[in-house]
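Student:
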Amino acid sequence: MVFLLNKPKNVISSASDDRGRTTVLDLVDVPYRLYPVGRLDFGSSGLLLLTNDGELMQEIIHPRNEIDKTYRVTINGLIGKEEIEKLENGVVIDGRMTAPCTVTLLRKNDNKKSSELEMVIHEGRNRQIRKMMESIGYDVTKLHRIKEACVELGDLKAGEYRQLKPHEVKKLKAYLNRRDI
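Add 52 to a position in the sequence shown, counting from 1, and you land on the number used in our numbering.
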(Lines of atoms letter the chains of each structure in order from A and count residues from 1; the text may use other names and numbers.)
(Lines give C-alpha, C1' and ligand atoms only; values in the text may rest on other atoms or scores of the structure.)
Protein backbone atom coordinates (compact mmCIF):
# COMPACT_ATOMS: atom_id res chain seq x y z
CA MET A 1 0.00 0.00 0.00
CA VAL A 2 1.22 3.48 -0.87
CA PHE A 3 -0.49 6.64 0.30
CA LEU A 4 0.08 10.24 -0.72
CA LEU A 5 -0.22 12.84 2.05
CA ASN A 6 -0.14 16.61 1.78
CA LYS A 7 1.90 17.19 4.94
CA PRO A 8 0.99 20.44 6.65
CA LYS A 9 3.65 22.73 8.05
CA ASN A 10 4.54 22.03 11.71
CA VAL A 11 3.88 18.28 11.54
CA ILE A 12 6.67 15.75 12.14
CA SER A 13 7.62 13.39 9.26
CA SER A 14 8.00 10.48 11.63
CA ALA A 15 6.04 7.52 12.97
CA SER A 16 6.29 8.89 16.53
CA ASP A 17 7.59 11.89 18.44
CA ASP A 18 8.98 11.81 21.98
CA ARG A 19 7.93 15.47 22.42
CA GLY A 20 4.26 14.77 21.75
CA ARG A 21 4.02 16.75 18.52
CA THR A 22 1.64 15.75 15.74
CA THR A 23 3.17 13.24 13.34
CA VAL A 24 2.20 12.45 9.76
CA LEU A 25 0.76 9.13 10.93
CA ASP A 26 -1.62 11.00 13.28
CA LEU A 27 -3.22 12.45 10.14
CA VAL A 28 -3.88 9.13 8.40
CA ASP A 29 -6.66 6.80 9.51
CA VAL A 30 -6.07 3.47 7.77
CA PRO A 31 -5.93 -0.12 9.07
CA TYR A 32 -2.28 -0.56 7.96
CA ARG A 33 0.99 0.11 9.70
CA LEU A 34 2.58 2.77 7.50
CA TYR A 35 5.96 4.46 7.48
CA PRO A 36 6.92 7.83 6.00
CA VAL A 37 9.09 7.55 2.90
CA GLY A 38 11.85 10.03 3.63
CA ARG A 39 11.25 13.31 5.39
CA LEU A 40 10.03 16.85 5.05
CA ASP A 41 11.25 19.12 7.80
CA PHE A 42 8.89 20.46 10.44
CA GLY A 43 8.51 23.86 8.77
CA SER A 44 7.98 22.45 5.26
CA SER A 45 4.79 21.19 3.65
CA GLY A 46 3.67 19.13 0.71
CA LEU A 47 3.94 15.69 -0.81
CA LEU A 48 4.99 12.87 1.47
CA LEU A 49 4.57 9.22 0.59
CA LEU A 50 3.59 6.69 3.26
CA THR A 51 3.88 2.94 2.75
CA ASN A 52 3.99 -0.47 4.36
CA ASP A 53 6.26 -1.75 1.55
CA GLY A 54 9.79 -1.67 2.97
CA GLU A 55 11.45 -2.63 -0.31
CA LEU A 56 9.70 0.15 -2.21
CA MET A 57 10.57 2.62 0.53
CA GLN A 58 14.28 1.73 0.33
CA GLU A 59 14.27 2.13 -3.46
CA ILE A 60 12.78 5.61 -3.15
CA ILE A 61 15.05 6.89 -0.38
CA HIS A 62 18.37 5.31 -1.46
CA PRO A 63 20.67 8.07 -2.78
CA ARG A 64 21.94 5.91 -5.67
CA ASN A 65 18.53 6.15 -7.34
CA GLU A 66 18.67 9.95 -7.58
CA ILE A 67 14.91 10.39 -7.26
CA ASP A 68 13.80 13.85 -8.40
CA LYS A 69 11.94 15.92 -5.84
CA THR A 70 10.24 19.14 -6.97
CA TYR A 71 9.61 22.04 -4.60
CA ARG A 72 7.96 25.45 -4.68
CA VAL A 73 10.24 27.76 -2.76
CA THR A 74 9.53 31.30 -1.59
CA ILE A 75 12.48 33.39 -0.42
CA ASN A 76 13.02 36.84 1.01
CA GLY A 77 14.70 38.95 -1.66
CA LEU A 78 14.79 39.33 -5.41
CA ILE A 79 17.04 36.59 -6.76
CA GLY A 80 19.16 37.20 -9.84
CA LYS A 81 20.16 35.07 -12.81
CA GLU A 82 23.73 34.63 -11.53
CA GLU A 83 22.52 33.32 -8.18
CA ILE A 84 20.18 30.87 -9.91
CA GLU A 85 23.13 29.60 -11.97
CA LYS A 86 25.15 29.10 -8.77
CA LEU A 87 22.35 26.98 -7.31
CA GLU A 88 22.03 24.97 -10.53
CA ASN A 89 25.76 24.26 -10.65
CA GLY A 90 25.95 23.33 -6.97
CA VAL A 91 26.86 25.20 -3.81
CA VAL A 92 28.76 24.12 -0.72
CA ILE A 93 26.65 23.22 2.30
CA ASP A 94 27.92 21.37 5.35
CA GLY A 95 31.36 21.25 3.76
CA ARG A 96 30.21 19.40 0.60
CA MET A 97 29.11 20.52 -2.82
CA THR A 98 25.48 19.87 -3.74
CA ALA A 99 24.66 18.03 -6.95
CA PRO A 100 23.48 20.08 -9.92
CA CYS A 101 19.78 20.90 -9.80
CA THR A 102 17.15 22.71 -11.85
CA VAL A 103 15.89 26.10 -10.72
CA THR A 104 13.08 28.00 -12.45
CA LEU A 105 12.12 31.53 -11.42
CA LEU A 106 8.33 31.60 -11.26
CA ARG A 107 7.86 35.20 -10.14
CA LYS A 108 9.36 38.13 -8.31
CA ASN A 109 7.28 40.36 -6.07
CA ASP A 110 8.89 43.79 -6.02
CA ASN A 111 6.46 45.08 -3.37
CA LYS A 112 7.14 42.25 -0.92
CA LYS A 113 10.78 41.91 -2.00
CA SER A 114 10.39 38.16 -2.46
CA SER A 115 10.88 35.55 -5.16
CA GLU A 116 9.12 32.28 -5.88
CA LEU A 117 11.08 29.45 -7.47
CA GLU A 118 10.59 25.87 -8.53
CA MET A 119 13.55 23.66 -7.63
CA VAL A 120 14.19 20.06 -8.64
CA ILE A 121 16.82 18.22 -6.61
CA HIS A 122 17.64 14.55 -6.30
CA GLU A 123 19.65 14.61 -3.12
CA GLY A 124 17.89 14.48 0.20
CA ARG A 125 20.35 16.14 2.53
CA ASN A 126 19.12 17.60 5.81
CA ARG A 127 17.37 20.94 5.19
CA GLN A 128 19.13 21.02 1.82
CA ILE A 129 17.13 23.71 0.02
CA ARG A 130 17.09 25.99 3.06
CA LYS A 131 20.87 25.63 3.40
CA MET A 132 21.42 26.14 -0.34
CA MET A 133 19.50 29.42 -0.17
CA GLU A 134 21.34 30.51 2.97
CA SER A 135 24.65 29.88 1.19
CA ILE A 136 23.77 32.59 -1.35
CA GLY A 137 22.22 34.98 1.17
CA TYR A 138 18.48 34.22 1.14
CA ASP A 139 16.05 32.95 3.76
CA VAL A 140 13.33 30.50 2.77
CA THR A 141 9.90 31.65 3.94
CA LYS A 142 7.91 28.80 2.37
CA LEU A 143 8.96 25.36 1.17
CA HIS A 144 6.36 23.05 -0.38
CA ARG A 145 7.10 19.74 -2.16
CA ILE A 146 4.82 19.22 -5.16
CA LYS A 147 6.31 16.13 -6.82
CA GLU A 148 8.49 13.12 -6.00
CA ALA A 149 9.63 10.78 -8.75
CA CYS A 150 6.55 10.63 -11.00
CA VAL A 151 4.00 11.20 -8.22
CA GLU A 152 2.40 14.65 -8.12
CA LEU A 153 0.61 16.22 -5.17
CA GLY A 154 -2.24 17.52 -7.28
CA ASP A 155 -5.10 19.28 -5.51
CA LEU A 156 -4.94 17.57 -2.10
CA LYS A 157 -5.41 20.12 0.66
CA ALA A 158 -3.09 20.30 3.67
CA GLY A 159 -3.65 17.25 5.87
CA GLU A 160 -5.53 15.31 3.19
CA TYR A 161 -4.34 11.94 1.91
CA ARG A 162 -5.29 9.29 -0.59
CA GLN A 163 -4.14 5.84 -1.59
CA LEU A 164 -2.21 5.65 -4.84
CA LYS A 165 -4.13 3.83 -7.54
CA PRO A 166 -2.63 0.56 -8.86
CA HIS A 167 -1.56 2.24 -12.13
CA GLU A 168 0.20 4.99 -10.13
CA VAL A 169 2.14 2.42 -8.09
CA LYS A 170 3.06 0.60 -11.30
CA LYS A 171 4.26 3.89 -12.84
CA LEU A 172 6.29 4.65 -9.69
CA LYS A 173 7.95 1.23 -9.79
CA ALA A 174 8.73 1.71 -13.50
CA TYR A 175 10.30 5.09 -12.66
CA LEU A 176 12.45 3.45 -9.98
CA ASN A 177 13.58 0.80 -12.49
CA ARG A 178 14.33 3.29 -15.26
CA ARG A 179 18.03 2.40 -15.25
CA ASP A 180 17.15 -1.18 -16.17
CA ILE A 181 15.29 -0.16 -19.33
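Built from N, CA and C at the ideal position, the CB exists for glycine as well.
Since the structure is predicted, the reported quantities are computational estimates derived from the model, not experimental observations.
(1) Tell me the rounded alpha-carbon separation between L216 and R230.
(2) Excluding the 5 residues flanking L158 on each side, which residues of the same chain have their C-beta closer than 7 Å to its C-beta?
(3) May I have the straight-line CA-CA distance separating V203 from R85, to the nearest angstrom?
(4) Just grab the DSSP bridge partners of G98 for me.
(5) Determine, using beta carbons only, whether K138 and I198 come nearer to each other than 7 Å.
(6) Tell me which residue opens and which closes the beta strand (DSSP E) that L169 is part of.
(7) Is the beta carbon of P60 sitting closer than 7 Å to the one on S97?
(8) In its own chain, which residues sit with a C-beta less than 8 Å from the C-beta of P88, not counting the 5 before and 5 after it?
(9) What are the boundary residues of the beta strand (DSSP E) that includes Y213?
(10) For the structure I just gave you, are there three or more beta carbon pairs, one from the segment 179-195 and one from the segment 117-129, closer than 8 Å?
Tutor: This is what the structure holds:
(1) Indexing the sequence shown from 1 puts residue 216 at position 164. Indexing the sequence shown from 1 puts residue 230 at position 178. Cα to Cα, the separation comes out at about 20 Å.
(2) Counting from 1 along the sequence shown, the entry for residue 158 is found at position 106. Taken in chain order, the residues that qualify are E168, L169, E170.
(3) For the purposes of this step, residue 203 is taken as the residue at position 151 of the sequence shown. For the purposes of this step, residue 85 is taken as the residue at position 33 of the sequence shown. Approximately 21 Å between the Cα atoms of the pair.
(4) Residue 98 sits at position 46 when you count from the first residue of the sequence shown. Paired residues: K59, R197.
(5) Residue 138 sits at position 86 when you count from the first residue of the sequence shown. Residue 198 sits at position 146 when you count from the first residue of the sequence shown. Not in contact: K138 and I198 (Cβ atoms no closer than 7 Å).
(6) Residue 169 sits at position 117 when you count from the first residue of the sequence shown. First-last of the beta strand (DSSP E) with L169: 166-173.
(7) Here the question's residue 60 lines up with position 8 in the sequence shown. Here the question's residue 97 lines up with position 45 in the sequence shown. Between P60 and S97, the C-beta gap is smaller than 7 Å, which places the two residues in contact.
(8) Along the sequence shown, one-based indexing puts residue 88 at 36. So the list reads S65, S66, A67, V76, L77, L100, L101, L102, once near-sequence residues are dropped.
(9) Working through the sequence shown from its first residue, we reach residue 213 at position 161. 213-215 is the span of the beta strand (DSSP E), which, as asked, contains Y213.
(10) Because the criterion of three Cβ pairs below 8 Å is met, the segment 179-195 and the segment 117-129 touch.
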